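My numbering applies: residue 2 is where the sequence shown begins, and numbers increase by one.
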Amino acid sequence: RKAEEKGLELYALEQFEAVAGRGIKAQLKGKGTILLGSRTFMEEEKIDYGSLEPALQRLEAEAKTIVLVAKDDQCVGIIAEADTPKEDAAQAIEELERLGLQTVILTGDNRRTAEAIARKVGISNVLAEVLPDKKVAEIRMLQEEAGLVAMVGDGINDAPALTQANVGIAIGTGTDIAIEAGDIVLVRGNLSDVVKAVKLSRATFQKIKQNLFWAFFYNMIMIPFAMLGLAHPVIAEAAMAFSSVTVVTNANLLRRVNIQPNYQRKK
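In structure tokens, the structure reads:
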């Protein structure tokens, strides 16, 4: 549509091939073969892009994703795409690490671009140039090294890795496949909601432990009295009811837990 608006001629497509994690190859009627893809894709197709290297390095240092364009066996251009980090990304990452979590970027982008983005948001661990079918293997390795792994993703290629992770967190503004694969869906797509989810889950586990303690405490105290006949059945029944009320009341206190990220709280 945009090409038509600009008055550009559209050529008939004779053949099309998508190479997962690499790029695409198309045969246009009367115009030869057009390729769009990564450095690796061009290297595999034996296409030299050496003359564009200075421009590539400059764009990658600016955290831009590079797509090389080739016609037949010659590289003829560059498409630079900017995936701008969310406004609160750096603050959210900082707070997650303050909560004791280790953060990692897992991406199919080239290493220079990934490292440039990592510097912007304050992440020191980068796994770059990971093909879609290799992301699951990387998650498995992280699980072996660190134990529990949560992954945040929004793309089609993220779905298998979201399923493999102990906790898959899907961005609600992402693809339907990623949303289906996620254990948690962040409806608004804000990274601050990841911080909230972590804080809420920790507060919930704390309440569960407290409630289990009170349940065992009441039973350990009252059962011996009941067995020895020292507790009147009415008293035992009242104590049991009181223990249930205590547990429910304590659970309701979760509503008062402040899960707001520190950087969003009013000073």
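Glycine included, each C-beta is placed from N, C-alpha and C at the ideal position.
None of these values were measured; they are calculated from a predicted model.
>> Comparing C-alpha positions only, which one of A162, E145, I260, E130 sits nearest to K136?
In response: Of the listed residues, the one whose Cα sits closest to K136 is A162.
> Beta-carbon of D110 versus every beta-carbon of chain D: anything under 7 Å?
Replying inline: Looking at the structure shown, chain D is missing, and only one protein chain is on hand.
> Would you call the CB atoms of A227 and A240 closer than 7 Å?
Replying inline: Result no, Cβ atoms of A227 and A240 do not sit closer than 7 Å.
> Could you give the distance in angstroms between the alpha-carbon of A62 and the alpha-carbon of G156?
Replying inline: A62 and G156: Cα-Cα distance of roughly 24 Å.
> Are the beta-carbon atoms of A71 and L36 separated by less than 7 Å?
Replying inline: Yes, these two residues count as a Cβ contact at 7 Å.
> At which residues does the alpha helix (DSSP H) containing N290 begin and terminate?
Replying inline: The question about residue 290 has no answer, for the chain in this structure spans 2 to 268.
> Where do the ends of the beta strand (DSSP E) carrying V246 lie?
Replying inline: No beta strand (DSSP E) holds V246; the alpha helix (DSSP H) holding it covers 234-253.
>> So, at 7 Å on beta carbons, what are the nonlocal neighbours of L255 in its own chain, with the 5 sequence-adjacent residues on each side left out?
In response: Exclusion of the five residues before and after L255 leaves A204, T205, K208 as the residues of its chain whose Cβ lies within less than 7 Å of its Cβ.
> Cα-Cα, which of Q16, A90, A242 is closest to V153?
Replying inline: The option with the nearest alpha carbon to V153 is A90.
>> What would DSSP say about T108, mapped onto helix, strand or coil?
In response: DSSP, reduced to helix, strand and coil, places T108 outside both helices and strands of the structure shown, so it counts as coil.
> If we count the other Cβ atoms within 10 Å of its Cβ and call it buried at 16 or more, is S39 buried or exposed?
Replying inline: Classification for S39: buried.
>> Tell me which residue opens and which closes the alpha helix (DSSP H) that L187 is part of.
In response: Taken as a continuous stretch (DSSP letters only), L187 belongs to no alpha helix (DSSP H), being part of the beta strand (DSSP E) at 185-187.
>> Within 8 Å, do at least three Cβ pairs link the region 165-178 to the region 82-89?
In response: Taking a cut-off of 8 Å on C-beta distances, the region 82-89 does not touch the region 165-178, as fewer than three cross pairs fall below it.
> From W215, Y264, P234, pick the residue whose C-alpha is nearest to that of V246; which is it?
Replying inline: It is W215.
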